[in-house]
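**Q** Have a look at the structure that comes next, please.
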Amino acid sequence: MREELHRFFRAARGAGVRVSPAESIDAMKAVADVGFGDRGILRDTLLLTLAKSQDEKQALGECFDLFFSQPEVKDEATPADAAEGAPPDSMEGETQPGDPGAQAPELGELAQMLMSRDRNAIAAAMANAANAASLSDIRYFTQRGIFSSRILEQLGIERLRDDLDALTAANPAEAERLAAALEALRENVRDVVNQALVLYGREETENLRNEILRNAPLARLERRQVEQMKALIRAIARRLRERYSKPRKRQRRGHLDTRKTLRRNAAWGGVPFLTSWKRRHRDRPKIVAICDVSGSVAQVSDFFLLLIHSLHEVVDDVRSFAFSGHLIEVSDILDTRSPEEAMSEIMSKVGFGSSDYGGSLVDFEKGWIRTVTAKTTVIVLGDARTNNLDPRADILRRISERSKRLVWLNPEGRMAWGWGDSEMPRYAAFCSVVRQCATAKQLERAVSDIVAAYQ
Amino acid sequence: MNNHLPADSIEAVTRGLASAGYIASKQIATAVYLAERIEKPILVEGPAGVGKTELAKALAAWRGLKMIRMQCYEGLDEAKALYEWKYAKQLLYTQILKDKLGEVLGGADTLSAALGKLHDFGDVFFSKEFVEPRPLLQALEQEKGCVLLVDEIDKSDAEFESLLLEILSDYQVSIPEFGTVVALVKPTVILTSNGERDLSDALKRRCLHLHIGFPEQKLEERIVESRVPGISQSLRKQIVGFINQVRTLDLKKLPSVSETIDWARVLVLLQSTELDHETVKDTLNVLLNYEADIETTMPQVTTFVAKAGRQGVFG
Numbered sequence: 044m045r046e047e048l049h050r051f052f053r054a055a056r057g058a059g060v061r062v063s064p065a066e067s068i069d070a071m072k073a074v075a076d077v078g079f080g081d082r083g084i085l086r087d088t089l090l091l092t093l094a095k096s097q098d099e100k101q102a103l104g105e106c107f108d109l110f111f112s113q114p115e116v117k118d119e120a121t122p123a124d125a126a127e128g129a130p131p132d133s134m135e136g137e138t139q140p141g142d143p144g145a146q147a148p149e150l151g152e153l154a155q156m157l158m159s160r161d162r163n164a165i166a167a168a169m170a171n172a173a174n175a176a177s178l179s180d181i182r183y184f185t186q187r188g189i190f191s192s193r194i195l196e197q198l199g200i201e202r203l204r205d206d207l208d209a210l211t212a213a214n215p216a217e218a219e220r221l222a223a224a225l226e227a228l229r230e231n232v233r234d235v236v237n238q239a240l241v242l243y244g245r246e247e248t249e250n251l252r253n254e255i256l257r258n259a260p261l262a263r264l265e266r267r268q269v270e271q272m273k274a275l276i277r278a279i280a281r282r283l284r285e286r287y288s289k290p291r292k293r294q295r296r297g298h299l300d301t302r303k304t305l306r307r308n309a310a311w312g313g314v315p316f317l318t319s320w321k322r323r324h325r326d327r328p329k330i331v332a333i334c335d336v337s338g339s340v341a342q343v344s345d346f347f348l349l350l351i352h353s354l355h356e357v358v359d360d361v362r363s364f365a366f367s368g369h370l371i372e373v374s375d376i377l378d379t380r381s382p383e384e385a386m387s388e389i390m391s392k393v394g395f396g397s398s399d400y401g402g403s404l405v406d407f408e409k410g411w412i413r414t415v416t417a418k419t420t421v422i423v424l425g426d427a428r429t430n431n432l433d434p435r436a437d438i439l440r441r442i443s444e445r446s447k448r449l450v451w452l453n454p455e456g457r458m459a460w461g462w463g464d465s466e467m468p469r470y471a472a473f474c475s476v477v478r479q480c481a482t483a484k485q486l487e488r489a490v491s492d493i494v495a496a497y498q
Numbered sequence: 319m320n321n322h323l324p325a326d327s328i329e330a331v332t333r334g335l336a337s338a339g340y341i342a343s344k345q346i347a348t349a350v351y352l353a354e355r356i357e358k359p360i361l362v363e364g365p366a367g368v369g370k371t372e373l374a375k376a377l378a379a380w381r382g383l384k385m386i387r388m389q390c391y392e393g394l395d396e397a398k399a400l401y402e403w404k405y406a407k408q409l410l411y412t413q414i415l416k417d418k419l420g421e422v423l424g425g426a427d428t429l430s431a432a433l434g435k436l437h438d439f440g441d442v443f444f445s446k447e448f449v450e451p452r453p454l455l456q457a458l459e460q461e462k463g464c465v466l467l468v469d470e471i472d473k474s475d476a477e478f479e480s481l482l483l484e485i486l487s488d489y490q491v492s493i494p495e496f497g498t499v500v501a502l503v504k505p506t507v508i509l510t511s512n513g514e515r516d517l518s519d520a521l522k523r524r525c526l527h528l529h530i531g532f533p534e535q536k537l538e539e540r541i542v543e544s545r546v547p548g549i550s551q552s553l554r555k556q557i558v559g560f561i562n563q564v565r566t567l568d569l570k571k572l573p574s575v576s577e578t579i580d581w582a583r584v585l586v587l588l589q590s591t592e593l594d595h596e597t598v599k600d601t602l603n604v605l606l607n608y609e610a611d612i613e614t615t616m617p618q619v620t621t622f623v624a625k626a627g628r629q630g631v632f633g
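Line order of the protein sequences matches chains X and Z.
Using my numbering, read the first sequence as starting at 44 and increasing by one per residue.
Using my numbering, read the second sequence as starting at 319 and increasing by one per residue.
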């Protein structure tokens with residue numbers, strides 16, 4: 044049973060629940076105490092000891108149900124094969140009642156099991172074979188075939204084939220029955236392997252997929268990847284929140300806060316038993332984001348805005364602006380609507396034009412230059428392709444002078460900057476940082492650096 | 319009731335908590351049972367008012383133990399949670415003992431000899447007599463054991479969490495001046511959190527994680543029954559049915575068990591025997607704490623009451 048639990052821990056890790064050795068020890072202890080008698084209690088016990096949040100509890104609960112439903116899958120499958128084999132079975136019952144006993148000695152173990160329809164024995168044999176084939180090592184869906192054949196080998200398929208050949212010559216009816224049973228057995232094995240893949244392979248598969256996704260260019264995602272990317276962006280947002288939402292007070296060692304100390308020690312006649320030290324308050328980041336939403340940049344802006352606006356705990360104040368031909372403020376739309384609605388509304392308002400950086404910067408200076416203070420980080424996201432219009436880099440200089448930092452994120456690679464109608468080099472002169480930002484990984488690093496600058 | 323032996327079955331825990339007036343679901347009972355068996359703290363999470371704090375109280379009442387409660391808040395530190403030196407007492411004693419000190423030191427001719435004698439006293443002034451134990455230290459010093467409730471741990475700072483780790487895993491604290499204090503009897507520790515911020519993994523790892531959500535209808539009826547004696551069965555059914563429907567609405571703060579109990583009490587006081595929409599509208603402020611929530615619920619009251627009434631008849 045200990046083996047079983049260890050495999051469950053592995054499956055739990057696959058389901059995204061982080062099970063450390065210490066936790067598995069606790070779970071073992073707890074399970075030793077409550078026993079395996081009551082499935083509900085066992086489930087509660089494992090949820091209590093292993094899961095550490097509501098999400099994890101749910102994931103673990105599902106994992107538990109899947110894991111311990113394994114024997115049942117076999118039970119379901121076997122009646123199905125029994126039903127298939129039913130007509131010959133009844134026929135055989137009528138015609139040759141004594142025969143199976145007579146044939147038995149020449150058949151192999153597996154064939155006997157199949158012929159006698161000993162469900163429990165088959166289930167047990169299958170579990171043993173799965174163990175021997177170390178089925179829990181399965182990681183990728185491409186490994187299904189090899190594990191299936193390994194299990195069948197362990198079950199003794201070689202001998203069964205010989206039996207089948209021998210039987211076809213001797214007793215075709217029986218042979219047919221055995222062949223049907225073999226087919227059912229194959230199906231069973233396939234089910235078992237599939238389930239194992241779901242249980243143990245999830246983590247690896249997901250890691251692999253996420254890794255690919257993190258490095259995929261945001262502007263050229265396929266439709267089905269967009270959903271996955273959104274989930275990934277949410278995970279990134281959570282990570283950034285956890286890292287940067289700690290309190291922003293820090294002691295300045297060695298600087299005594301005289302006033303506070305005297306006040307605190309008034310009870311002892313001002314003899315300073317308790318000292319108070321000066322603390323430095325750190326500002327939460329204030330961000331003004333100006334995003335190009337035209338053409339190929341739109342998708343990247345999408346994800347960027349999604350990320351910035353899910354950082355409420357970390358970032359105090361975000362004002363977002365979107366532009367292509369002209370510029371509007373979109374903070375309210377992003378805060379009140381669901382991401383999908385917000386994006387389509389923004390696109391319908393300003394999207395799909397050819398971008399005019401100069402005009403949009405003029406719009407910004409006219410309407411919202413006051414939102415930029417000495418504590419603000421201004422982030423511009425765009426490819427700086429001005430369609431040969433006046434870039435108005437002078438406005439960008441003024442914004443840069445007013446702000447704490449000016450960060451430009453460009454989805455294009457460094458090689459393309461300055462080629463064609465790209466005005467990146469002219470803008471870059473007034474930026475604190477210019478960096479490429481085309482994949483989720485680069486996006487995460489960019490936002491992380493911006494927030495870290497306030498720590 | 320034998321205090322020091324852990325309960326021998328999960329049913330015994332359920333019965334024991336029930337005797338203290340706490341109707342526990344199976345998960346809660348399992349958690350308490352395991353906490354006693356493998357000697358780990360329980361971290362209880364869930365919305366406000368579902369009986370997180372109540373669990374600790376009931377456990378203490380059932381076991382006949384003292385409950386030591388530590389309410390967490392931002393800025394809580396070692397001096398308020400663990401121990402503090404009694405400065406005033408130290409000062410007073412040095413004043414009183416001044417002459418005595420003079421006598422003792424009188425024999426010494428040189429300064430270094432006096433210093434040597436002074437060292438012989440040991441750390442008189444930093445001994446147990448001068449320590450003011452705060453909740454955590456008190457909990458370790460209870461001779462019969464106790465239930466330690468660390469309430470709303472999510473309100474405290476991350477530093478305080480780290481301070482708790484030593485107590486939670488080893489049931490001991492280290493005081494630099496006189497070493498490690500080990501618990502005489504390991505206390506049963508219950509931590510509660512409203513999930514205002516994520517707790518550190520280190521803390522979570524040391525605890526059994528229990529999530530108490532809104533109870534099922536049947537369970538909630540039993541809770542109301544035990545907490546509000548003298549309430550008729552049909553009214554109880556209707557109240558719980560009504561509240562369960564309110565919980566399906568999109569509200570700022572959903573009514574939890576404590577609100578159910580309060581509301582049931584109010585209705586008993588008003589001597590209602592049936593839930594009718596007039597009374598409900600008048601007493602809705604007991605149930606909901608925000609004006610906006612009341613406004614959302616008000617138009618639905620009639621339908622909800624009708625539905626709850628039907629449940630009362632057929633359920």
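We put the beta carbon where it would ideally sit given N, CA and C, even for glycine.
Quick caveat: nothing in here was measured; it's all calculated off a predicted structure.
So for glutamate 596(Z), helix, strand or coil by DSSP?
**A** Against the second sequence, residue 596(Z) aligns to sequence position 278. In the structure shown, glutamate 596(Z) sits in a helix (DSSP, three-state: H, G or I).
**Q** So if DSSP puts glutamate 363(Z) in a beta bridge, which residue, or which two residues, is it bridged to?
**A** Indexing the second sequence from 1 puts residue 363(Z) at position 45. DSSP output for glutamate 363(Z) lists Ser511(Z) and His529(Z) as bridge partner(s).
**Q** Can you give me the Cβ contacts of tryptophan 581(Z) inside the same chain, cut-off strictly under 7 Å, excluding the 5 residues immediately before and after it?
**A** Numbered from its first residue, the second sequence carries residue 581(Z) at position 263. So the qualifying residues of the chain are Ile557, Thr601, Val604 and Leu605.
**Q** Counting beta carbon pairs with one atom in the region 84 to 93 of chain X and one in the region 511 to 528 of chain Z, are three or more of them shorter than 8 Å?
**A** yes
**Q** Counting only beta-carbon separations shorter than 8 Å, does alanine 366(Z) have a partner in chain X?
**A** Within the second sequence, the letter at position 48 stands for residue 366(Z). Judged by the 8 Å Cβ criterion, alanine 366(Z) is not in contact with chain X.
**Q** Determine whether the Cβ of tryptophan 462(X) lies closer than 8 Å to any Cβ atom of chain Z.
**A** Working through the first sequence from its first residue, we reach residue 462(X) at position 419. Output row for tryptophan 462(X): interface = no.
**Q** What number of angstroms, rounded off, separates the C-alpha of alanine 223(X) from the C-alpha of asparagine 214(X)?
**A** Numbered from its first residue, the first sequence carries residue 223(X) at position 180. Numbered from its first residue, the first sequence carries residue 214(X) at position 171. So the two alpha carbons sit approximately 14 Å from each other.
**Q** May I ask you to list the residues that DSSP assigns as paired with proline 64(X)?
**A** Within the first sequence, residue 64(X) is the residue found at index 21, counting from 1. Proline 64(X) is not bridged to any residue.
**Q** On the DSSP bridge assignment, give the partners of asparagine 453(X) in chain order.
**A** As a first step, residue 453(X) must be located in the first sequence, where it is residue number 410. Gln479(X), per the DSSP bridge assignment.
**Q** Just checking: is the beta-carbon of tyrosine 489(Z) within a distance shorter than 8 Å of some beta-carbon in chain X?
**A** Within the second sequence, numbered from 1, the residue matching residue 489(Z) stands at position 171. Chain X contact via Cβ: absent.
**Q** Starting from isoleucine 386(Z), follow its DSSP beta bridges and name the residues at the other end.
**A** Residue mapping note: residue 386(Z) aligns to position 68 of the second sequence, counting from 1. DSSP output for isoleucine 386(Z) lists Leu466(Z) as bridge partner(s).
**Q** By Cβ distance, which residues of its chain are closer than 7 Å to glycine 334(Z), with the 5 residues on each side in sequence left out?
**A** Position 16 of the second sequence, counted from the first residue, corresponds to residue 334(Z). Result list for glycine 334(Z): Ala325 and Trp380, in chain order.
**Q** Counting only beta-carbon atoms, is glycine 59(X) nearer than 8 Å to chain Z?
**A** Here residue 59(X) corresponds to residue number 16 of the first sequence, with the count starting at 1. Chain Z contact via Cβ: absent.
**Q** Which residues bound the beta strand (DSSP E) around leucine 178(X)?
**A** Taking the first residue of the first sequence as 1, we reach residue 178(X) at position 135. No beta strand (DSSP E) holds leucine 178(X); DSSP gives it neither H nor E.
**Q** Would leucine 352(Z) count as contacting chain C if we go by Cβ distances under 8 Å?
**A** Of the protein chains in the structure, X and Z, none is chain C.
**Q** May I ask you to list, following chain order, the residues of the region 66 to 84 of chain X that have a beta carbon less than 8 Å from some beta carbon of chain Z?
**A** Listed in sequence order: Glu66, Asp69, Lys72, Ala73, Asp76, Val77, Gly83 and Ile84.
**Q** What is the rounded straight-line gap between the Cα of serine 353(X) and the Cα of glutamate 444(X)?
**A** By 1-based counting over the first sequence, the position of residue 353(X) is 310. By 1-based counting over the first sequence, the position of residue 444(X) is 401. C-alpha separation (whole angstroms): 28 Å.
**Q** Which residue or residues does DSSP assign as beta-bridge partners of proline 434(X)?
**A** Looking up residue 434(X) in the first sequence gives position 391. Beta-bridge pairing by DSSP links proline 434(X) to no other residue.
**Q** Consider the Cβ of threonine 318(X): report whether some Cβ of chain Z lies at a distance smaller than 8 Å.
**A** If you number the first sequence from 1, residue 318(X) lands on position 275. Judged by the 8 Å Cβ criterion, threonine 318(X) is not in contact with chain Z.
**Q** In or out: glutamate 539(Z) buried (at least 16 other Cβ within 10 Å) or exposed?
**A** In the second sequence, counting from the first residue as 1, residue 539(Z) sits at position 221. With 16 or more other Cβ atoms within 10 Å, it is buried.
**Q** Under three-state DSSP, which class holds proline 315(X)?
**A** For the purposes of this step, residue 315(X) is taken as residue 272 along the first sequence, with counting starting at 1. In the structure shown, proline 315(X) sits in coil (DSSP, three-state: anything other than H, G, I, E or B).
**Q** Go ahead and pull the three-state DSSP assignment for alanine 495(X).
**A** Sequence index remark: in the first sequence, residue 495(X) carries index 452 (1-based). Of the three classes helix, strand and coil, the one that applies to alanine 495(X) here is helix, per DSSP.
**Q** Give me the Cβ distance between proline 328(X) and leucine 349(X), rounded to the nearest whole Å; I'm assuming they're in contact under 8 Å.
**A** For the purposes of this step, residue 328(X) is taken as the residue at position 285 of the first sequence. For the purposes of this step, residue 349(X) is taken as the residue at position 306 of the first sequence. In fact, because the Cβ distance is near 17 Å, the residues do not count as touching under 8 Å.
**Q** Is there a Cβ of chain X sitting closer than 8 Å to that of aspartate 568(Z), yes or no?
**A** The residue given as residue 568(Z) occupies position 250 in the second sequence. Chain X, which has no Cβ nearer than 8 Å to the Cβ of aspartate 568(Z), makes this no.
**Q** Give the interface partners of glutamine 345(Z) over in chain X, defined as CB-CB distance under 9 Å, in chain order.
**A** Working through the second sequence from its first residue, we reach residue 345(Z) at position 27. Here the neighbours are Asp87, Leu90 and Leu91.
**Q** Among the residues of its own chain, which have a CB less than 6 Å from the CB of tyrosine 401(Z), if the five just before and after it don't count?
**A** By 1-based counting over the second sequence, the position of residue 401(Z) is 83. Counting only Cβ-Cβ distances below 6 Å, and skipping sequence neighbours, we find Val449, Pro451, Arg452 and Leu455.
**Q** With DSSP as the reference, please indicate the residues paired to threonine 420(X) in a beta bridge.
**A** As a first step, residue 420(X) must be located in the first sequence, where it is residue number 377. Bridge partners of threonine 420(X): Ile330(X) and Arg448(X).
**Q** Does the Cβ of threonine 332(Z) have 16 or more other Cβ atoms within 10 Å, making it buried, or fewer, making it exposed?
**A** Position 14 of the second sequence, counted from the first residue, corresponds to residue 332(Z). It is buried - the Cβ of threonine 332(Z) has at least 16 other Cβ atoms within 10 Å.
**Q** Just to confirm the assignment, what range does the alpha helix (DSSP H) spanning phenylalanine 448(Z) have?
**A** Counted from its first residue, the second sequence places residue 448(Z) at position 130. Per DSSP, phenylalanine 448(Z) belongs to no alpha helix (DSSP H) and is neither H nor E.
**Q** I'd like to know whether the C-beta atoms of serine 363(X) and valine 373(X) end up nearer to each other than 8 Å.
**A** The sequence position of residue 363(X) within the first sequence is 320, counting from 1. The sequence position of residue 373(X) within the first sequence is 330, counting from 1. A contact, by the Cβ cut-off of 8 Å.
**Q** Under 8 Å, Cβ to Cβ, is there at least one residue of chain X near threonine 597(Z)?
**A** In the second sequence, counting from the first residue as 1, residue 597(Z) sits at position 279. Threonine 597(Z) does not count as touching chain X.
**Q** How would you call glycine 548(Z), buried or exposed, if buried means at least 16 neighbouring beta carbons within 10 angstroms?
**A** As a position in the second sequence, residue 548(Z) is number 230, starting the count at 1. Its Cβ having fewer than 16 others within 10 Å, glycine 548(Z) is exposed.
**Q** Among all the DSSP beta bridges, which residues are the ones paired with glutamine 490(Z)?
**A** In the second sequence, counting from the first residue as 1, residue 490(Z) sits at position 172. Note: glutamine 490(Z) sits in a beta bridge opposite Val500(Z).
**Q** In the DSSP assignment, find the unbroken alpha helix (DSSP H) run with aspartate 87(X) in it and report its ends.
**A** Here the question's residue 87(X) lines up with position 44 in the first sequence. For aspartate 87(X), the enclosing alpha helix (DSSP H) starts and ends at 82 to 93.
**Q** Taking the CB atoms as reference points, tell me whether serine 511(Z) and isoleucine 471(Z) lie closer together than 8 Å.
**A** Locating residue 511(Z) in the second sequence gives position 193, counting from the first residue. Locating residue 471(Z) in the second sequence gives position 153, counting from the first residue. Yes. Within cutoff.
**Q** Just to make sure I have the definition right: I need the residues of chain X whose C-beta is within less than 7 Å of the C-beta of aspartate 516(Z). Which are they?
**A** Numbered from 1 along the second sequence, position 198 holds the residue referred to as residue 516(Z). Glu285, listed in chain order.
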